[in-house]
Structure formats: structure tokens, C-alpha cells
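**Student:** The sequence shown runs 887 to 1559 under this note's numbering.
No residue lacks a Cβ here, since even glycine has one placed at the ideal position from N, Cα and C.
All figures in this text were calculated on a predicted structure; none of them were measured in a lab.
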Amino acid sequence: MCGIAGIVSLSAAAAPPSRDALMRMAGALTHRGPDERGLYRDRRAGLAHARLSVVDLSSGQQPLADAGDTTWIVFNGEIFNYVELREKLVALGHRFRTRSDTEVVIHAYREWGEAAFERMNGQWAIAIWDSVAGRLVLSRDRFGICPLHYCEHAGRLYFASEVKAIFAADTGISRAFDPVGLDQTFTLWTIVPPQSVFQGIKELRPGHVRIHENGKVRERAFWKPSYPETSGPSHGEFTGSLNDAVDEVRSALEAATALRIVSADVPVGCYLSGGLDSSLVATLGRRFAGERFQTFSLRFADAEYDETRFQRLVASATGSEHHEVVVSRNDIAEIFPEVIYHTERPILRTAPAPLFLLSRLVREHGIKVVLTGEGADEMFAGYDLFREGKVRRFWGRQPASTRRPRLLERLYPYLTRSPMHQQAMARQFFGRNIQSHDAPGFAHDTRWHTTGAIKRLFSADMRAETGQRDAVSELLGRLPVEFSRWGSLAQDQYIEIETLMSGYLLSSQGDRMLMAHSIEGRFPFLDDELVKLANSLPAAYKLAVLDEKHVLKRVAQPIVPPEIVARKKQPYRAPNGLCFVADDAPAYVQEALSETALRAANVFDPKSVTRLLDKCRARTGDGDLSNSDNMALVGVLSTQLLHQQFIANCPGGARTGALSVDIDREHREEVLA
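1. Express the C-alpha separation of residue 924 and residue 1548 in angstroms, rounding to a whole number.
2. If we call anything under 9 Å between Cβ atoms a contact, is residue 913 one with residue 1142?
3. How would you label residue 1057, buried or exposed, when you count the other beta carbons within 10 angstroms and need 16 or more for buried?
4. Is residue 1340 closer than 9 Å to residue 1522 when the C-beta atoms are compared?
5. Can you tell me the Cα-Cα spacing of residue 1242 and residue 1218, whole angstroms?
6. Just list the residues that DSSP pairs residue 1102 with in beta bridges.
7. Name the residue from 971, 1346, 929 whose alpha carbon lies nearest to the alpha carbon of residue 901.
8. Using only alpha-carbon positions, find the residue among 1224, 1048, 1210 that is nearest to residue 1187.
9. Can you check which of these residues, 1090, 1543, 1045, 1439, is closest to residue 1015 by C-alpha distance?
10. Rounded to whole angstroms, what is the Cα-Cα separation between residue 1445 and residue 1215?
11. Just to confirm the assignment: which complete alpha helix (DSSP H) runs, minimum length 4, are found wholly within the segment 1301-1370?
12. Can you look up residue 1147 in the DSSP assignment and give me helix, strand or coil?
13. Taking its Cβ as the centre, do 16 or more other Cβ atoms sit within 10 Å of residue 1368, making it buried, or is it exposed?
14. Rounded to whole angstroms, what's the CA-CA distance from residue 1355 to residue 1347? Just pull it up for me.
15. I'd like the ranges of any alpha helix (DSSP H) spanning at least 4 consecutive residues and lying wholly in the segment 1154-1179.
16. When you compare only the Cα positions, how much space is there between residue 1485 and residue 1338?
17. Residues in the same chain with beta-carbon distance under 6 Å from residue 931, minus the five sequence neighbours each way, listed in chain order, please.
18. If you compare alpha carbons, which of 899, 1465, 1357, 962 is closest to residue 1406?
19. Using three-state DSSP, classify residue 962 as helix, strand or coil.
20. I'd like the ranges of any alpha helix (DSSP H) spanning at least 4 consecutive residues and lying wholly in the segment 890-964.
21. Assuming residue 1546 and residue 920 form a contact by the criterion Cβ under 8 Å, report the distance between their Cβ atoms to the nearest whole angstrom.
22. With a threshold of 16 other CB atoms inside 10 Å of the CB of residue 1065, please say whether the residue is buried or exposed.
23. Does the distance from the C-beta atom of residue 1132 to that of residue 1441 stay below 9 Å?
24. Specify the secondary structure class of residue 1521 as computed by DSSP and reduced to three states.
25. Name the two residues that bound the continuous beta strand (DSSP E) containing residue 1213.
26. When you compare each of 911, 1175, 1478 to residue 1255 by their alpha carbons, which one comes out closest?
27. State the CB to CB distance for the pair residue 1288 and residue 1157, rounded to an integer number of angstroms; the pair is presumed to be in contact (CB under 8 Å).
28. Just confirm the distance between the C-beta atoms of residue 964 and residue 1095, as a whole number of angstroms; I'd bet it's less than 8 Å.
29. If you run the structure through DSSP and keep just helix, strand and coil, what is residue 1471?
30. Pick out whichever of 903, 1493, 1024 has its Cα sitting closest to the Cα of residue 1550.
31. Looking at residue 1148 and residue 1168, is the spacing between their C-beta atoms short of 9 Å?
32. Tell me, please, whether the segment 1288-1298 touches the segment 1027-1038 by the rule of three or more beta-carbon pairs shorter than 8 Å.
33. From residue 1126 to residue 922, what does the alpha carbon distance come to, in whole angstroms?
34. If you pair each beta-carbon of the segment 1099-1106 with each one of the segment 1409-1418, do three or more pairs fall below 8 Å?
35. I'd like to confirm the pairing. Which residues does DSSP put opposite residue 1186 in its beta bridges?
36. Can you give me the Cβ contacts of residue 967 inside the same chain, cut-off strictly under 6 Å, excluding the 5 residues immediately before and after it?
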């Protein structure tokens, strides 16, 4: 992974992009690419690159040009099938100067145009500049693993891996919150691209390509999730038995894991949570990594969140060289401002903070690349949300039943306020809108309703800005036409992928925490071939009655310790609001939530926030806060920190040092003109 950035003049008459601006952009992304930096500049465009050297360490420097020296690329990510693509391109007459996947991308684009992205199996954010045609091509991988933001300002298009690099380029770019982005965040838990939380800043949608040429812009999707249809002939549906599915999933997962190890020219480690997904990846990773394989785990001082026993069990079974970091509430509170600096968006959970510390541990042990189990829950129906949706729909078909809602007691067993322990409240909570059990978004509406309640804390001005909007209706209004023809589980999976996975899991918990310490994450469960297979499976293979990830458990049985396979699902969680209301909480908390700071940001009502703080402080001896209060406190604090860091104090971006690539053609072209 790396950091990419650039500036393109939207008309030929505009002044050339500033070299100093490009250098500041690269400097703002140094944490993403500490190994090398490069720059290309001509009369119309400038490209900047900060490199984390993972593939072709000796000759993979960027920006990189095609053989004609007219088309230039900056590329963040990895193309895991680049060897196969290179062989096809060589057969078509292409000649290569490096062993890098970057050069394969630019040749693939020259050969197949936009269709090249459909052939790629990987994770990427790509910018290609055709200096002859005056064409800029931006592309982002299918799930948005790699971030890519853009902004039009004063006749120029700015783009970068992170917003801070765009702000560093030009102090004239507006720095203000976008009410639409905040409304989405405090309803859906996340923004949904192209929306961002900053005015004027957009995020390229996952699976899309965007082209700027001759003053015109067009954008299209080259990939969208798809599932078998429930009526009529369904193309691509898996027709084999469950045993066949187990064999094919095992084979695809083995291939995906091996590919993510052999395609790196540096050692690859693995995150190990103690759950099924990371245990499978660690077990397979150990098989393909060779003699030395390092695994990394989070431990928690709070026993409620700690999974040490299971992590050590898998580490022992695989024979990995295992490392741990213990995280306390104080640790989370201390590093939270740094976490928000890297997320570049408000968050409603502290869960990214321990992952920030975990990636730091990885870096300290000299590893640049880690495998993770992310994506398995979305692809194979692992979340309690999918089970919850199935139970609520079953209940909704007979709402007067007293037996059907008893199934709620099988959900969320790890929570203090689980449906088993608070049955009456659970029936009231999960029975909301039960009559709409066939409506799109039904499985998610309890989450959205709970999250949306936080907006009661908005200031009068923010309520006026967002009062006429409905983030849920807008989301559901953009669903694909085939959505209604999918089964209910597929519908739930699609919405989860489009919202929380892309906008939060792979961003705030994923790329941003990894790259804060220059670590590249690789995700075998998001391999293109494995995803196609998972999406084609019958729903019962993934969610068998209420047994989540059924086919994946069958895959794991011969190779993962039985205690892991038999474990009840326990999602990754971390201590939340209580981190910030203890007597020894860091001073920044009080400052960020002061009346002065709240009025300056003008997102939240100071009196409402004070009442929330008083309520939370009064509960410090009770063990935990309610789910709603936890989200509200973390959401308010993270928004206030974001305002301090990106709006009240504009991020700069130190000019980067020596360049490994420095192509500056602005003067030469001016003379020729």
C-alpha cells in the first residue's frame, strides 16, 4: 500500500499545478509510504507518490510511465493476479521494464481501456494521466479497501488517498463539515461514497472508474455485488451439494491466501483475533509462508473483551511466532486523537483505537504486510444482524406468536444487556416495525433507529440543515433494480457491504489504522474469485437455520482447533464511552467537549452534550453505559476532535525530502509551445 495524490488543471489554459503543492501532498502521506517518494509534473497535471515497498523493491518506483513515456500512473495497492495479466499482455506484444504490478496496470489499461479493471483481482486506488489526450482516469477496487478522495477547486481537480493531503495542497480549499455526511454518519454509522463529512470533498465509490477529459466527467461501475434471484432461472447460482460447496470454498480460500503471500517480496504476518475467520487465515497463512510466520493479537485489560485463550490456542496449533499487545481503557483514551486524525471521519465506536496499537506492534517487529480475516462475516453471513433479521422476519409473519420471539434469546449472548437477560425490553426493541418485515432494509432498521437517536444532540443550526433529509430513504432509493429479486439474506448482505463494510470496517478499522504505521493489510476473504463463489451459494449454506457461516465452519473443521469452530460468534469489540469519563481522563476530553469548543464547531448543542456527560459520569460505577449513550459520547467526541484537527487547525503537510522519481516537464513543454 502507498499514498497517491495529484492535481489536474481542468482546462488547458489554467496555470500548471504547483510543484510545492505536490510536495506538500506527498509529505502529508508519508505515513502511508515512508520508503520512497516520487513526482511527475507537466503543463496540465502533477502526480505524487509515497511508497511502501512491498513488490519489486528495486525497480517499482512511481510515478511510472508506459513505453511511450506519455501515460503516467500512481498506484496504491496490489494486483494479486498481475503475473497472469502480465503473461497475457506479453503474448499481445507488450514489453516490460520492471517486475512490478504497477507496470502491469498501465499496460493493461493501454490494451483494454476501462475494461482492464474488471480483469484485476486485488485492492487498489489508481490514477492514470494520459498527457496526450488530457485524460485522467481514477479507479478504486471493488470493496473500497484503498481510499481515494477528490475535490474540484478553482479550476483544478485535486485527488489523494487521504483528505489531509488535499487540504495540504491549497489553503483556499474550504474546510467545513458537510451536514449530509454528518447526517449519514449519525444514522448509518458511516458515510456512503461519494459523500464525505467535509464540504466539497468526495470519495470515489468502490468498484467505480471516473474519467475527466476535455472538461467532461463520466463515471461508471465496473463491479457491483450480485446474488442469485429467487424467481425464474438464476444465472451463476451454485448448484452443488453442501459438501461440494465446502470443497470449493476451501480450495478458493487456500488459493486466495497463498496468492496474498507469494505476491509480496517481504515477509507477511497475520492478525489473530481468536475467532473462526482469522484462525482459518492464520492456519493457511502458516502453511504457505514458509519457515517463520508471525501472528499478532490484541489483549484487553477488561476481561469482557479479552480473547487471549483462543488466540494462544491457535498460535500454538500453527506454531507461529506470536506477539501480543495489552490494551486498557486509558490506552484507548490517550491515543484517541491520533486515531481520529487518521480516520478523517467521526466514529461511533472506539474499536479502531486498539487496532491502531496493534498495527504499531506489527511495525515494531519489522513486518510490512499482514493478512486479516475481514470480509468473512459479510460474505458468509457471520454477523448477529443476519440472524436477527431472519428471526424478526419469522416473527413478523406471525406477529401475535408468543413462541417465535423466544428465538431472540439466541442472539447477542456476549452482551450484558442480551435478549436472554432482558426479554421484555428485547421484544419491544426488536418488535419495532415488525409488520414491515418484507421491506428493504428491515434487518438494519433497528440499528439505524438507535443510531439516528443521537441526532437529538445536534445544534439548532445542524438540525435545520439535516431536518428535511432522510439518510435511510436516500440509501434505499439507490438500491439496484435487481435488489427486490434477491433473497432476504442476500439483501441484508448487500446493504451491509455497501454501508458498514466499505465505509467503516475497511476504512476506519482497516486501511486507516494499518497505514497509520505503514502496514499493508491483505484480505483473503475479499478475493474476487472467493467472493463470486460466496455470493453464488444458497442462503442455507451460509446461514443454516441460525448457524452462521455454516459452510465456513465445515471448511475449518479439519484444520482449526475444535474449540475455535465450536465457539459462539463474538464480534470484535472494545471498551467505549467509559474510557473518556473516568476521573483520570486526558485533559483533551474536557477541552473538546467544552461549551466554547462545541459552539465553535456548531454541530452539537452544548447543553445536550453536558447532560450526556453528566449521565455518563454518573454511571462510571455501574460497569457500562447503554449502547445509545456509548455511541453518542464517542460520536460527539470524535466529531469535536475532527473539527479541531481539520477545520479549526488546518493540516499542513511538510515538504517531503529526496525524490526517487522527479520528472518535471512543465518548463520544457512551455518552451516547445
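**Tutor:** So, to answer that:
1. Inter-residue distance for residue 1548 and residue 924 is about 6 Å (C-alpha atoms, whole angstroms).
2. With respect to residue 1142, residue 913 sits apart: the two C-beta atoms are not nearer than 9 Å.
3. Flag for residue 1057 reads exposed.
4. Inclusion of residue 1522 and residue 1340 in the CB contact set at 9 Å is warranted, their separation being smaller than that value.
5. Taking the straight line joining both Cα atoms gives about 9 Å.
6. DSSP, once it has assigned bridges, lists 1099 as partnering residue 1102.
7. Taking the Cα of residue 901 as reference, the smallest distance to any Cα among 971, 1346, 929 is reached at 929.
8. The shortest Cα separation from residue 1187 among 1224, 1048, 1210 belongs to 1210.
9. Closest in C-alpha terms to residue 1015, from the list 1090, 1543, 1045, 1439, comes 1045.
10. The straight-line gap from Cα to Cα measures roughly 35 Å.
11. The segment 1301-1370 contains, as complete alpha helix (DSSP H) runs of 4+ residues, the segments 1309-1316, 1331-1338, 1346-1352, 1357-1362 (chain order).
12. In the structure shown, residue 1147 sits in a helix (DSSP, three-state: H, G or I).
13. Exposed is the call here.
14. Rounded to whole angstroms, residue 1355 and residue 1347 show a C-alpha spacing of 14 Å.
15. You should have 1162-1175.
16. It is roughly 22 Å from the alpha-carbon of residue 1485 to the alpha-carbon of residue 1338.
17. So the list reads 894, 1015, once near-sequence residues are dropped.
18. That would be 962, whose Cα lies nearest to the Cα of residue 1406.
19. Annotated three-state conformation of residue 962 is strand, per DSSP.
20. Entirely contained in the segment 890-964, the alpha helix (DSSP H) runs reaching 4 residues are, in chain order, 905-914.
21. About 12 Å separates the two Cβ atoms, so there is no contact after all.
22. Counting Cβ neighbours within 10 Å, residue 1065 comes out buried, since at least 16 surround it.
23. Contact: yes.
24. Helix.
25. For residue 1213, the enclosing beta strand (DSSP E) begins and ends at 1207-1213.
26. It is 1175.
27. Contact doesn't hold; Cβ gap of about 43 Å is too wide.
28. Rounded to whole angstroms, the Cβ separation of residue 964 and residue 1095 is 18 Å, and the two are not in contact under 8 Å.
29. For residue 1471, the secondary structure class from DSSP, reduced to helix, strand or coil, is coil.
30. Residue 903 is the option with its Cα nearest to residue 1550.
31. Going by beta carbons, residue 1168 and residue 1148 fall outside the 9 Å limit.
32. With a cut-off of 8 Å, the segment 1027-1038 and the segment 1288-1298 do not count as touching, because too few Cβ pairs lie within range.
33. Taking the Cα positions, residue 1126 is about 49 Å away from residue 922.
34. With the cut-off at 8 Å, the segment 1099-1106 and the segment 1409-1418 do not touch.
35. When beta bridges are read from the DSSP output, residue 1186 appears opposite 1213.
36. Only 1007 meet the Cβ criterion.
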